[in-house]
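Student:
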Amino acid sequence: MSIKDDMIVQFNYTLRDEKGEVIESNEGRDPIAYLHGHDNMMPGIEDAITGKEVGDKFSVTPPAADTYGERQEGAEQRVSVKHLVGAKVWKPGMAAMIQTEQGQRQVTVLKVGKFMATVDVNHPLAGRELTFDIEVVGTRDASDEEIAHGHAHGAGGHHH
387 MSIKDDMIVQ FNYTLRDEKG EVIESNEGRD PIAYLHGHDN MMPGIEDAIT
437 GKEVGDKFSV TPPAADTYGE RQEGAEQRVS VKHLVGAKVW KPGMAAMIQT
487 EQGQRQVTVL KVGKFMATVD VNHPLAGREL TFDIEVVGTR DASDEEIAHG
537 HAHGAGGHHH
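For the sequence shown, our numbering gives the first residue as 387, with consecutive numbering after it.
#1: Based on DSSP bridge pairs, tell me the residues matched to Thr400.
#2: Assign Met393 to buried or exposed, taking buried as 16 or more other Cβ atoms, counted over all protein chains shown, within 10 Å of its Cβ.
#3: Touching or not, the segment 446-453 and the segment 511-522, by the rule of three or more beta carbon pairs under 8 Å?
#4: Can you find the residues in the same chain that come closer than 6 Å, C-beta to C-beta, to Val507, ignoring five residues on each side of it along the sequence?
#5: On the criterion of 16 or more Cβ atoms from any shown chain inside 10 Å, does Val475 qualify as buried, or is it exposed?
#6: Is Met430 helix, strand or coil when you go by DSSP?
#7: Which word fits Thr525, buried or exposed, when buried means at least 16 other C-beta atoms lie within 10 angstroms of its C-beta?
#8: Tell me which residues share the same chain as Ala512 and place their Cβ nearer than 6 Å to its Cβ, disregarding the 5 neighbours each side in the sequence.
#9: Could you check how far apart the C-beta atoms of Ala482 and Gly489 are, in whole angstroms? I think they sit under 8 Å.
#10: List, from N- to C-terminal side, the alpha helix (DSSP H) runs of 4 residues or more that fit wholly inside the segment 464-544.
#11: Distance check for Ala434 and Asp452, CA to CA, integer angstroms please.
#12: Pull up the DSSP beta-bridge partners for Arg445, would you.
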């Protein structure tokens, strides 16, 4: 069955940088599950998966705008050190999580003072040419409840 909107898609992936080195992978863990066609996946990945079937393995290198976004120069912000999540002691270059109005966001620490830190709000992978090796491992029609909620339920998806 070809993947189309309103389907739950499960896939495994390996993310590689411009040199082909592995940045991250879910190999050996549960597959990623998402509701196709409901803005739950990076557009470049969702576009590449459309029309594929279980068992398909492929690589895709979408434009940065369709993955982690283009890098925005000067996208710096000063935040209270107490709002940085992920370490007790902060140093420039470290990745941190901060809570925003849109949910958690990963940032990179640029400068640290006693009470305030300057962070780069670009995602650390923004603007990069990244290759995703993908294997589609499962598909099914989404339930009415999943479509109403706008996301996949169960293994690899959202748990209520």
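The beta carbon of each residue, even a glycine, is placed where N, CA and C say it ideally should be.
Tutor: Result, derived from the coordinates:
#1: Ser411, Asp519
#2: buried
#3: yes
#4: Ala461, Gln463, Val493
#5: Val475 comes out exposed.
#6: Residue 430 is actually Gly in this sequence, not Met. In the structure shown, Gly430 adopts helical secondary structure according to DSSP, grouped into three states.
#7: buried
#8: Leaving aside the five residues that flank Ala512 on each side, the residues in its chain whose CB is nearer than 6 Å to its CB run, in chain order, Tyr454, Gly455, Arg457.
#9: About 15 Å; that fails the 8 Å criterion.
#10: 530-535
#11: 11 Å
#12: Before going on, a small fix: residue 445 reads as Ser here, not Arg. According to DSSP, Ser445 bridges with Asp519.
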